[in-house]
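Report on the following structure.
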Amino acid sequence: MVDNVVDMAHFFYIHFAFPTYFKNVLEGHVATQYLRTKARPDVAGASNYAAGGESTLHSDASYFGPSYMIDNLKQDYQGMTVESVLTNCHYPVTPTSFMLQWGVIVRRPPGLSDSQAARFGSKFAKFVGVGFEQDVAIWLNKTQIDNPLLCAEDGPVYQLRRWYEQFYTDVADIEPDMVARYEFEIDTTQPVAGWEAEVAGNLALRRAAADESRGAG
Ligand SMILES: [Fe+2]
0 MVDNVVDMAH
10 FFYIHFAFPT
20 YFKNVLEGHV
30 ATQYLRTKAR
40 PDVAGASNYA
50 AGGESTLHSD
60 ASYFGPSYMI
70 DNLKQDYQGM
80 TVESVLTNCH
90 YPVTPTSFML
100 QWGVIVRRPP
110 GLSDSQAARF
120 GSKFAKFVGV
130 GFEQDVAIWL
140 NKTQIDNPLL
150 CAEDGPVYQL
160 RRWYEQFYTD
170 VADIEPDMVA
180 RYEFEIDTTQ
190 PVAGWEAEVA
200 GNLALRRAAA
210 DESRGAG
């Protein structure tokens with residue numbers, strides 16, 4: 000689950016968004032992911048990451064230790080900029096499973112009555128939850144590979160796992176390289192260009208199929 004901190008590519012495949020900026024900072028017991036995305040035009044409204052149109056999302060997410068993350072989110076949503084915070088925590092309960100808990104809080108937009116704000120908050124929190132559950136679906140089906148073969152855009156998986164080794168161990172056994180400051184920014188220009196071509200292809204196929212069914216009908 001913690002591997003997600005460095006996983007740039009899953010924002011395209013799992014959350015249906017282009018990651019236009021992606022950087023990790025590991026230091027001490029904190030591991031942070033700084034992310035900007037814009038929605039995929041071929042998959043609209045699927046989650047908070049892909050709200051459709053020209054929508055963008057800013058996400059600054061930090062693990063404070065091995066078991067909980069706080070994700071500060073700011074995004075375009077129906078013409079507004081909405082701020083929210085997603086928290087999740089997970090702790091091992093058996094050698095092969097975790098207890099996972101999560102919650103969302105949404106900043107109240109100005110000018111809404113109490114009942115409108117309550118409706119808005121619960122609707123928006125569900126929308127953020129759709130994005131989170133896209134990750135959960137993966138976690139339920141993935142297995143750990145200790146020595147993954149990485150490609151250029153995979154992010155600092157090994158450094159993150161080294162950071163994680165400072166936990167569930169004796170303090171005396173923490174090595175300097177587990178806690179040293181480490182920064183890594185992925186240049187997403189090239190992968191995003193490739194994905195844009197893929198999305199353009201999807202849209203062209205869809206248009207062709209629509210034209211064909213109009214022709215047939
Ligand atoms: Fe994710």
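Be aware that the sequence shown starts at 0, since it is given in numbering that gives the first Met the number 0, and climbs by one per residue. For each residue, glycine too, the CB sits at the ideal point set by N, CA and C. Remember, predicted model here, so these are calculated numbers, not experimental data.
Under DSSP, S61 forms a beta bridge with T31 and I69. Bounds of the alpha helix (DSSP H) holding P175 are P175 to V178.
Distances between the C-beta of D134 and the heavy atoms of ligand 1 include at least one below 6 Å. Between M7 and W138, the beta carbon gap of about 17 Å keeps them out of contact (Cβ cut-off 8 Å). The nearest non-hydrogen atom of ligand 1 is 6 Å or more from the C-beta of N71.
Looking at the backbone, the Cα of D145 and that of Y157 are separated by about 9 Å. The segment 113 to 184 is shown to contain whole alpha helix (DSSP H) runs of 4 or more residues at 113 to 138, 156 to 163 and 175 to 178, in chain order.
Judged by DSSP secondary structure, F97 falls within the beta strand (DSSP E) whose first and last residues are S96 to V105. Excluding residues up to 5 positions away in sequence, G64 lie with their Cβ nearer than 6 Å to the Cβ of H28 in the same chain.
When rounded, the separation of the alpha-carbon atoms in Y181 and P155 is 10 Å. For V103 against V127, the beta-carbon gap comes to about 5 Å, under 8 Å, which counts as contact. Proximity of the beta carbon of N140 to ligand 1 is not indicated: no heavy atom of the ligand is located closer than 6 Å. At a Cβ-Cβ threshold of 7 Å, E211 and K22 do not count as neighbours. Y12: member of the alpha helix (DSSP H) spanning H9 to Y12, first to last residue. Sequence-distant partners of A196 (beyond 5 residues in either direction) whose C-beta falls short of 8 Å from its own C-beta are missing from its chain.
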